[in-house]
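If you count by my numbering, then the sequence shown holds residues 57 to 443, one letter each, in order.
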Amino acid sequence: MAGQHAGYQNEIYLQGLADHVPPFTTDPTRLEDVARDRMEPGPFGYVSGGAGSGDTVLANRAAFARRRIVPRMLTDATTRDLSVTVLGTPMPAPVLLAPVGVQSIVHPDGELATARAAAALGVPMVLSTASSYSLEDVAEANGDGPRWFQLYWPNEPEVCASLLERAKRAGYSTLAVTLDTWTLAWRPRDLDQAYLPFLRATGVANAFTDPAFLAGLAKSPQEDQPMAVLRWVSMFTGTDKRWDQLPFLREHWDGPIVLKGIQHPDDARRAADAGMDGVVVSNHGGRQVDGAIAALDALPEIAAAVGDRLTVLFDSGVRTGADVLKALALGASAVLLGRPYVYGMALGGETGIRHVVRGVLADLDLTLGLSGHRTIADVGPDSLRHV
Ligand code: FNR
Numbered sequence: 057m058a059g060q061h062a063g064y065q066n067e068i069y070l071q072g073l074a075d076h077v078p079p080f081t082t083d084p085t086r087l088e089d090v091a092r093d094r095m096e097p098g099p100f101g102y103v104s105g106g107a108g109s110g111d112t113v114l115a116n117r118a119a120f121a122r123r124r125i126v127p128r129m130l131t132d133a134t135t136r137d138l139s140v141t142v143l144g145t146p147m148p149a150p151v152l153l154a155p156v157g158v159q160s161i162v163h164p165d166g167e168l169a170t171a172r173a174a175a176a177l178g179v180p181m182v183l184s185t186a187s188s189y190s191l192e193d194v195a196e197a198n199g200d201g202p203r204w205f206q207l208y209w210p211n212e213p214e215v216c217a218s219l220l221e222r223a224k225r226a227g228y229s230t231l232a233v234t235l236d237t238w239t240l241a242w243r244p245r246d247l248d249q250a251y252l253p254f255l256r257a258t259g260v261a262n263a264f265t266d267p268a269f270l271a272g273l274a275k276s277p278q279e280d281q282p283m284a285v286l287r288w289v290s291m292f293t294g295t296d297k298r299w300d301q302l303p304f305l306r307e308h309w310d311g312p313i314v315l316k317g318i319q320h321p322d323d324a325r326r327a328a329d330a331g332m333d334g335v336v337v338s339n340h341g342g343r344q345v346d347g348a349i350a351a352l353d354a355l356p357e358i359a360a361a362v363g364d365r366l367t368v369l370f371d372s373g374v375r376t377g378a379d380v381l382k383a384l385a386l387g388a389s390a391v392l393l394g395r396p397y398v399y400g401m402a403l404g405g406e407t408g409i410r411h412v413v414r415g416v417l418a419d420l421d422l423t424l425g426l427s428g429h430r431t432i433a434d435v436g437p438d439s440l441r442h443v
């Protein structure tokens, strides 16, 4: 297991002997800047932007800087094992690819590229309801790869049940229900360009292939696309759900269910009381509530409140291997990587995604070992100091 992921470092240095350098930067904190030059302004604004002033996007990163890893010496950490099993899904490291919608605005292959890259690395992907390819097509591209499905909860029960049935049939094992986006926040980067991909019929593939959705249309999407798009968009807008509606999801889903977007320990307790299997501590990458608490600052309290009852996952601001380690030390079982792999896709499609994800895993592997940990289970509160 030594160097299982860290081997990417050797691979890169060895290519240097033939005068080759990596095709894309190995510094995930630079990806946004590099991608800016390669992306159209609309898609770049959509991916990079946050709610309001962007304050929470910055806060997410700042919270990582306030926690520092305290390396330990002579721990025999040369042989490491990063593999974990989360909610029944074995993974090579505690990292999943976060659900990101409308990926075809970034690269024509969109979610198919993500599915192929994820499968090649054995890293689980979480497919968004708002994908640009149907969940069946993505499953096919993902092959034997582990995959979860993210649900934006539609206000028509028949459509919801149909989506869940399709996802189950297509081999998605865990359901992540996103609660924080029942309407879109005020997002100046998108508003300034009047850019909303859904209105351009991107990110509607699951609707346009859904029998229950199609049955509710007076005219097919081919005959009247604007009307079909409008019906799909309004199915997710202004439709905040209630805790007492969660049994509906349980009825229609056999596998584990996690609630994504949890930021208060009481909401995490309610998730546990409602019989959910996990939560994703997340503020949607600062895209929903401007001024919201940094996701990493919310994590320790939530882990303390429900860590013994629920699987606690984390996203929002993870960029480097050190970030992953910090989130694990604060109580997460695994993290979801978001924008970095999307920028990788912008730079090089499937190849770009693989490069970014391999880089994060290699960095995690090295950081884990150099700070004295042999396995993920060795990482704990004592691994960090709050400064
Ligand atoms: C997202 N996110 C998201 N979440 C979700 O549950 N369903 C979705 O369709 C999307 N779509 C989406 C699009 C784009 C462009 C971004 C950047 C994000 C949120 C995503 O899953 C995750 O919570 C954030 O990306 C985490 O923040 P960072 O680490 O990427 O900054």
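Think of the CB as a built atom: it goes at the ideal place given N, C-alpha and C, for glycine as much as any other residue. Small disclaimer: the values here were computed from a predicted structure and weren't measured.
With DSSP as the reference, please indicate the residues paired to residue i in a beta bridge.
{"i": "arginine 203", "result": "Met181"}
{"i": "aspartate 137", "result": "Thr431"}
{"i": "valine 337", "result": "Ile318 and Phe370"}
{"i": "alanine 232", "result": "Gln206 and Val314"}
{"i": "arginine 441", "result": "Arg124"}
{"i": "leucine 152", "result": "Leu392"}
{"i": "valine 260", "result": "BP columns for valine 260 are empty, so no partner."}
{"i": "valine 194", "result": "Its beta-bridge partners do not exist; DSSP assigns none."}
{"i": "valine 142", "result": "Thr145"}
Use the C-beta contact count for residue i: other C-beta atoms within 10 angstroms, 16 or more gives buried, fewer gives exposed.
{"i": "glutamine 159", "result": "buried"}
{"i": "asparagine 66", "result": "exposed"}
{"i": "alanine 121", "result": "exposed"}
{"i": "lysine 275", "result": "exposed"}
{"i": "serine 389", "result": "buried"}
{"i": "serine 109", "result": "exposed"}
{"i": "methionine 332", "result": "buried"}
{"i": "serine 290", "result": "exposed"}
{"i": "glycine 201", "result": "buried"}
{"i": "valine 443", "result": "exposed"}
{"i": "arginine 172", "result": "buried"}
{"i": "glycine 433", "result": "Checking the sequence shown, residue 433 turns out to be alanine, not glycine. Exposed, because fewer than 16 other Cβ atoms sit within 10 Å of the Cβ of alanine 433."}
{"i": "leucine 305", "result": "buried"}
{"i": "proline 346", "result": "Contrary to the premise, residue 346 reads as aspartate rather than proline in this sequence. The residue in question, aspartate 346, is buried, as its Cβ has 16 or more Cβ neighbours within 10 Å."}
{"i": "methionine 57", "result": "Summary for methionine 57: the model assigns pLDDT 46, below 50, so the residue's position carries little reliability; its value from the coordinates is reported in the next sentence. By the neighbour-count rule (16 or more Cβ atoms within 10 Å), methionine 57 is not buried but exposed."}
{"i": "leucine 70", "result": "exposed"}
{"i": "leucine 440", "result": "buried"}
{"i": "methionine 95", "result": "buried"}
{"i": "glutamate 307", "result": "exposed"}
{"i": "arginine 298", "result": "exposed"}
{"i": "leucine 247", "result": "exposed"}
{"i": "alanine 174", "result": "buried"}
{"i": "tryptophan 309", "result": "buried"}
{"i": "glycine 436", "result": "exposed"}
{"i": "arginine 379", "result": "Correcting the residue type first, residue 379 is aspartate in the shown sequence and not arginine. Aspartate 379 comes out buried."}
{"i": "tyrosine 64", "result": "buried"}
So residue i is in the beta strand (DSSP E); what residue range does that whole segment cover?
{"i": "valine 435", "result": "Counting along the chain, valine 435 falls outside any beta strand (DSSP E), and DSSP gives it neither H nor E."}
{"i": "arginine 245", "result": "Looking at the DSSP string, arginine 245 is not in any beta strand (DSSP E); the run it does join, the alpha helix (DSSP H), is 244–247."}
{"i": "proline 146", "result": "145–147"}
{"i": "isoleucine 125", "result": "123–125"}
{"i": "arginine 497", "result": "Residue coverage of the chain in this structure runs from 57 to 443, which leaves residue 497 outside it and unanswerable."}
Span of the alpha helix (DSSP H) holding residue i?
{"i": "arginine 410", "result": "395–426"}
{"i": "arginine 287", "result": "281–290"}
{"i": "arginine 469", "result": "An answer regarding residue 469 cannot be provided, because it is not within the stretch 57 to 443 covered by the chain."}
{"i": "asparagine 3", "result": "Within the shown structure, residues of the chain are numbered from 57 to 443, placing residue 3 beyond reach of any answer."}
{"i": "lysine 224", "result": "213–225"}
{"i": "alanine 378", "result": "377–385"}
{"i": "phenylalanine 254", "result": "No alpha helix (DSSP H) contains phenylalanine 254, which DSSP labels as neither H nor E."}
{"i": "glycine 101", "result": "97–104"}
{"i": "aspartate 89", "result": "87–92"}
{"i": "leucine 270", "result": "267–271"}
Could you give the C-beta distance for residue i and residue j, rounded to a whole number, given that I count them as a contact under 8 Å?
{"i": "valine 368", "j": "valine 398", "result": "Valine 368 to valine 398, Cβ: 24 Å. No contact."}
{"i": "threonine 239", "j": "threonine 293", "result": "5 Å"}
{"i": "leucine 424", "j": "arginine 123", "result": "That pair is no contact at about 15 Å."}
{"i": "proline 79", "j": "glycine 404", "result": "6 Å"}
{"i": "isoleucine 358", "j": "leucine 231", "result": "The pair is not a contact, with the Cβ atoms about 20 Å apart (cut-off 8 Å)."}
{"i": "tyrosine 102", "j": "proline 253", "result": "7 Å"}
{"i": "alanine 354", "j": "valine 337", "result": "6 Å"}
{"i": "arginine 410", "j": "leucine 177", "result": "7 Å"}
{"i": "glycine 373", "j": "asparagine 116", "result": "3 Å"}
{"i": "aspartate 132", "j": "glutamate 406", "result": "No, aspartate 132 and glutamate 406 are not in contact; Cβ-Cβ is about 37 Å, not under 8 Å."}
{"i": "alanine 62", "j": "leucine 422", "result": "5 Å"}
{"i": "proline 155", "j": "valine 182", "result": "4 Å"}
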